[in-house]
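J.: Supplied in structure tokens, the structure appears directly below.
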Amino acid sequence: MKPKQDNVFRVYLCKKGDKKCKGRRCDVILSSKDLPGLCLGNILEISSSLDQRFYVQHLHEDDESGTYRERRIYIEKAIADMFLLSQNQYVTVKVVEKKQVVLDNIEITIKERYVSRSDMWRFRNCLIDTCAYIGKKVEWLLIPTTVVSLWAKGEIVRSGYVSEDTRIVFRSASAMMLVYVQMSSEMWDFDPYGDLYFEKCVNGFFPQLFEQWNKHHCAHSITFIVTSRLLLPPEHLSESRIANYRAVLQCWLQESDRELNLNQLVQDFYRIIVQNEHYDDWRNAVLSKMDAKENDLAVLSTAADGNFLQVLNLSMNEFSVYFTNRRFETVGQQIIFVSAGGGVFNVDRDLVTITKQRLIDMGISLDLVCLGEQPLHAVPLFVFQRRNGVYPSEDYLIPHWMNYSYYQMSRRSAISIKFKPRINLPDELLRDAHRGLVMETNGSPISNIDAADEKAFSSLLENSSTRSNANLASEFAKEFLLEKNLNHGDTIFEPHHITGNPWRSNFDKYVASSFLEPGLLGDPLESKKSQGVLSMIERRPLINPFKPEEFGVPITANRRRWIHVFPVDKLGRSKVAHHYVAGKSVINIIQGDEPEPNETTISVNGSPSCTSSSVQLFEDGSSRVTGLGAGGKRCVWAWGSTGEEKWNPDMEIGVDWKSLIRTALLPLTTDFFPDRRSMSADYIIKSHQLPVYFDLVREWLEDSECDDLERLRNLVFDQLVYQRLQRGFQIVLLDKKLIYAAITVSEVHLERMKDEKMVSRECFLSFNRIYHRLYMGDDGITVTEFSPRLEESHETPEIAKRREYTYLFQIPDNFEYTLCSARFQKYDLSNLNWNLLDTELQNRCVPRLFRDDMRCFASRFLLTPLCASITKTIMTERNGGDKYMAVFDSSFSRRQEEGFLKFVEVLNRFRRKTSPRHKRLMTSRSDVESRIYSIENVDVLLNGWRESYLPLYSQDPTSRFPSCMFLTTEFIAWLMANVSELSNRQAAIEFAGSLISAGKIQMLQPTETLVDDLESSISTESHWHEFRCGFFLCYFTNKYVSDDKIEEKEPWSRVIQCEIGEKCSGSVDCTYRLNSVEMKFYAQLQKTADSGGHEYLPKNVSHFMERGRVSYEKTFCATKSFEIGVRWFMANSQTVAETVRHWCSKAANLSFHMFPVPEDPFPHALNPISPPLQCPVVIPFKPDKVQSDCICRLIIAIMKAFGFIEMGCSAHQVPQYVHLTGGIARKTSKTICCRTFDHFVVMQIIVSIIMFIICLEVNKLIANSVVDFY
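For the sequence shown, our numbering begins at 138 and goes up steadily by one.
Below is the structure:
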């Protein structure tokens, strides 16, 4: 029944293909005539009941309004299904204010697509001023996404409006993920409910995680690693290894100020279970291989004494080459560390500093999952053991740069147990306790905890001997003396009670009285310093881990780097959703009386700054960069990932399934900027001007007639922002008045700039302690760099040596551990030449911009013969892998050359001008009678060729080529088939060379003479006057062109041209050297409006032609792989990906297999800069009855039979081979081939096998077959 209201509409469902939608995707369609006051862009509230309402934006007017007897609203079927609306249902529609339904936070998930940070910012701009709802599919820039979560005013909502202030969070369902399982001694302990922690891991946490991955259709590329730190008994090791381990262990102990028994040698082990794989059934792939054998090798260390920081740094080494080994199906990097401990780790100070800074700068998501019970104190907690004196002490650090969870299995008991244990009692305490249900106590309740603590500590101090008191006082004097240069890079904490605590007051009096006694301090200098100890104690950065809610720290850029990932409560404070109090998330708890950290100005080493209730805690070491956050905030809480959530002792930390299922990507924005004091004292300011060259920018648009100068300026300005974003910078979202005050821009000057329109656009960006200001005026763009004045000292070889880490590593299909080495290096962007990048950006084709030090993206591919049928036969028959000789039959070379020419045509976007009388000729005819032309009549010969060949033309309308182009290899084939005197290839090439010398034909010579980024040779006149056979373009000179309009020195475009020849002879100039050309990526033009109705960009957003550089080997050989590389820095990632996918598809149609390979396919285990989680498999080869001069030929024959083909140049480097499937790479040591073999020497051929993504099962079969064959 229809309700009696004026704003009631009848629902009609529609979808994109309907006539009503006109091929567009429309959320709603209605007429403004039916709803007075309705305008395009208004927000509509549609409700079917009081508790069921949602919001959409009116973007499409109903042109057929007035033809119906009732009010109609057309709703897209996906929205109707989401909000349970049906056809002919009546709904209430009204217009609402945008600010009433604005979203605080929106989370969007990306799957199986790579998206750069610049693409995210462009995508974000497309979302502004739109409405979103849960499950909405949004696609821009060829990037399909799904809205998964919406927050408004501290509550999860189902729809809302996206404004400029909405935090847009991108999450990845296809990240590169490293999952570590720490096999510590606690794994074999029982939890309070009677389960082994190992069982809790493999039967509880991981099955639940795998179930969540499958439920949300995740496609992560995951590496599972089991890691442990073992104390090795010396009796099981050789003397040389013991000596080596002792040296390494002693160095580790000195760095960490810890004391262990040197009779026990420490060694870290890593075993990869699954490497870079994705499975639908993770249980069988992972859990079946995690057995209980990990604790049989030696004595396992505890979780606290494990290799947590080493694990993080190894992972960052693995992720550090993400931009050069770019994969197009993953986005985001995540580390998951599963530990049986409670979140407390004994760590090294220096290693914490570099780990924290690397992790924050690289934007890697870290999730710590603790299987143990949540302690009573703040977690996670780093403990530094300090052993500078007789009495040991501990410093504490609460890291804010990780996400942490505590997992509890669902209870299987029918009895409801509400008690949740928070501690594990030490064995020493339980060993001496009386047996019984209750530990020894007088049974009286304690009403005043502080008084009880005072009594306990007072009795301990009063019962101490005089000598002990003297030693204790001496140690306190030494421990509390402040170091002159504190450069640990983070807040170092020590046990501390707040001012006014009764036992602390007595303790201070005791220490002070001890200092007054003569002779207690052995060193007179220390005695002189003792009088200032108490004041220094108050100035030392201290914290009590049991009361972190009483301590705050200055706000810093590091603490705000991830702040815009978290949702906010009703008061606008960022909270963590998996923190609960009384079963309710802290986001939903209204805490209006929750105070902010106190801000009191004190002086520490003469530097005023803000502090919390008692102390000043700096995070940036000696530089002490102070600044402001959103709303002028100067301090945040010392505990927590956000710093805006106060510690609550009743808080229960659950599992952050959202992060474990779909990892968050580093936010594009932040809200911190240094203050005026820090800018003047700690920073160096420099600027450079960038004039806008409008002619060059018009080439971006491929519109030489564009006269919108403001649009051209904005294109350059946007690109400057994009380049910084994709290198890790964040846009600073802060009140401009606060920033102007910091950089000393007066309000008068600011008003004058606004009045005179001196600055039309402005943007502030930050990375670590580096800040950039971009502002655009009529005279160009100005870039101001704010760099830290006190740069860190240069990393000396001694420091680099200390950061080298040795470990034992085992990969799949290898039964032994390999000794490996890694070096932990800082991630630094300060050396990037921004002036060069900004200046040459408008030109775009400068080769210098495509080098690795400029952080451009790169992918490398190989082209090999297709062998799918043989591979399928091997997998079906399972009778050995040596079946690939069938590929290399008599017609193999001819087929490969013909297919390769067509493939290069695809790369160059060439087409053929088809004609009934034209045919493509590649094979030569041997019968002499059919040859009708002679070299004596050159003009007739050339006219005959011109009438028979298929001319090439480019699909790019902006490129410049001759009207009649042909390939040199086709011309040679035609000469051999139709000219009587030219019966062989060499004679035909010589004749073609004479035609060039005579000026009859000419090789296509690009006019640019550039040395490209791959150091290929400079184009010269003599080089292009030589006739070369292959994919080289030729054209007729003016005399033989019908329209006679082409000039001799036309500036022709550059394309891929390469020779077809034999293997390299080993001369100085390598035959397979890489050349490169600039290339446009056209995928954006091909899919502006695809079958799904998704545009590339909104119509009001201008886009430009995206380009990059393609590298290629200058010679193709049929019996060798062909290398192709792509580099880009001014292109949408999915545009490049679609281009590469198009190439791969065309290659398969032409009987080729195109697959990615890493930049370093052969990492050495002991090379500290090689990828740390990749290791070669050594296959022993013992040819006892083979002569030494035949070993190389034998190896090549074996590799060829098993499907290996040459990669690179064997004449200029160690021979390398790759499997035809693309899954295995092999390298043979060059010295092996020339060694003399006898019965005293064991000959081994080192075969390095690296497992890639493609055909894993085939690769395992091939590897096993190779072993069996040997």
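Note that CB positions come from ideal geometry on N, CA and C, so glycine has one too.
Because the structure is a prediction, the values reported are computed rather than measured.
(1) Taking only the alpha-carbon atoms, compute the straight-line gap between Pro828 and Arg850 and give it to the nearest angstrom.
(2) Taking Thr939 as the reference, which of Pro1305, Leu911, Tyr317 and Leu346 has the closest Cα?
(3) Gly865: buried (16+ other C-beta within 10 angstroms of its C-beta) or exposed?
(4) How many whole angstroms separate the CB atoms of Tyr1086 and Phe1098, which I take to be in contact at a CB cut-off of 8 Å?
(5) State buried or exposed for His354, treating a residue as buried only when at least 16 other CB atoms are found within 10 Å of its CB.
(6) Quick check on the burial criterion: 16 or more other C-beta atoms within 10 angstroms. Buried or exposed for Glu941?
(7) Output the boundary residues of the alpha helix (DSSP H) element that contains Val1075.
(8) How is Cys1329 classed by DSSP in three states: helix, strand or coil?
(9) Going by the DSSP bridge assignment, what does Thr229 pair with across the sheet?
(10) Could you check how far apart the C-beta atoms of Arg1264 and Arg1246 are, in whole angstroms? I think they sit under 8 Å.
(11) Express the C-alpha separation of Arg408 and Gln668 in angstroms, rounding to a whole number.
(12) To the nearest angstrom, how far is the alpha carbon of Asn1409 from that of Leu797?
(13) Tell me where the beta strand (DSSP E) around Gly689 begins and ends.
(14) Grouping DSSP H, G and I as helix and E and B as strand, with all else coil, what is Asp872?
(15) If you count every other CB in all the chains shown that lies within 10 Å of the CB of Leu513, and 16 or more means buried, which is it?
(16) Output the residue ranges of the alpha helix (DSSP H) runs that lie fully inside the stretch 790–821 and measure 4 residues or longer, sorted by chain position.
(17) Tell me the residue span of the beta strand (DSSP E) that contains Glu1243.
(18) Using a threshold of 8 Å, state whether the C-beta atoms of Pro704 and Asp302 are closer than that.
(19) In angstroms, rounded to a whole number, what distance separates the CA positions of Phe1253 and Leu177?
(20) Would you check if there are 3 or more beta carbon pairs closer than 8 Å linking the stretch 917–925 to the stretch 813–821?
(21) Between Ile497 and Trp538, is the Cβ-Cβ spacing less than 8 Å?
(22) Do the CB positions of Tyr964 and Ser457 come within less than 8 Å of each other?
(23) Under DSSP, the alpha helix (DSSP H) around Glu1459 begins and ends at which residues?
(24) If I measure Cβ to Cβ from Ala878 and keep anything under 7 Å in the same chain, skipping five residues before and after, which residues do I get?
(25) For Leu803 versus Ile868, is the C-beta distance shorter than 8 Å?
(26) Roughly how many angstroms separate the alpha carbons of Thr246 and Ala312, rounded to a whole number?
(27) In the DSSP output, which residue or residues are listed as bridge partners for Gln194?
(28) Check whether the Cβ atoms of Arg1425 and Lys153 sit closer than 8 Å, and answer yes or no.
(29) Mark Gly1136 as exposed unless 16 or more other C-beta atoms lie within 10 angstroms of its C-beta, in which case mark it buried.
(30) What three-state label does DSSP hand Asn242 in the structure shown?
(31) Would you call Cys1101 buried or exposed, if buried means 16 or more other Cβ atoms sit within 10 Å of its Cβ?
(32) In the DSSP assignment, find the unbroken beta strand (DSSP E) run with Asp487 in it and report its ends.
(33) Do you know how far the Cα of Leu175 is from the Cα of Arg209?
(34) Put Ile680 into one of helix, strand or coil per three-state DSSP.
(35) Kindly indicate which three-state DSSP category Trp1265 falls into: helix, strand or coil?
(36) Assign Ile535 to buried or exposed, taking buried as 16 or more other Cβ atoms, counted over all protein chains shown, within 10 Å of its Cβ.
T.: Taking the structure as given:
(1) Looking at the backbone, the Cα of Pro828 and that of Arg850 are separated by about 9 Å.
(2) The sequence shown places Arg at residue 939, rather than the Thr named in the question. Per the Cα distances, Pro1305.
(3) buried
(4) So it is not a contact: roughly 15 Å between Cβ atoms.
(5) exposed
(6) exposed
(7) Val1075 to Ser1085
(8) helix
(9) Val145 and Ser184
(10) Contact flag correct, Cβ pair sits at about 5 Å.
(11) Model confidence at Gln668 stands at a pLDDT of 45, short of 50, so the residue's coordinates are unreliable; what they give is reported in the following sentence. For Gln668 and Arg408, the distance between alpha carbons rounds to 55 Å.
(12) Since the first and last residues shown for the chain are 138 and 1407, residue 1409 lies out of range.
(13) Annotation for Gly689: the continuous beta strand (DSSP E) segment containing it runs Gly689 to Pro691.
(14) Coil, per DSSP.
(15) exposed
(16) Taking only runs of at least 4 residues, the alpha helix (DSSP H) segments lying wholly in the stretch 790–821 are 794–798 and 813–819.
(17) Glu1243 to Glu1250 is the span of the beta strand (DSSP E), which, as asked, contains Glu1243.
(18) No, the Cβ-Cβ distance between Pro704 and Asp302 is not below 8 Å.
(19) 58 Å
(20) yes
(21) Taking C-beta atoms as the reference points, Ile497 and Trp538 count as a pair closer than 8 Å.
(22) yes
(23) Residue 1459 is absent from the structure shown; the chain starts at 138 and stops at 1407.
(24) Arg813
(25) no
(26) 11 Å
(27) Ile180
(28) There is no way to answer for residue 1425, as the model of the chain reaches only from 138 to 1407.
(29) exposed
(30) In this structure, DSSP gives Asn242 an extended state, which the three-state scheme calls strand.
(31) buried
(32) Careful: Asp487 lies outside any beta strand (DSSP E), inside the alpha helix (DSSP H) at Arg486 to Met499.
(33) 15 Å
(34) Ile680: coil per DSSP, three-state reduction.
(35) Residue state for Trp1265 is assigned as strand, using DSSP reduced to three classes.
(36) buried
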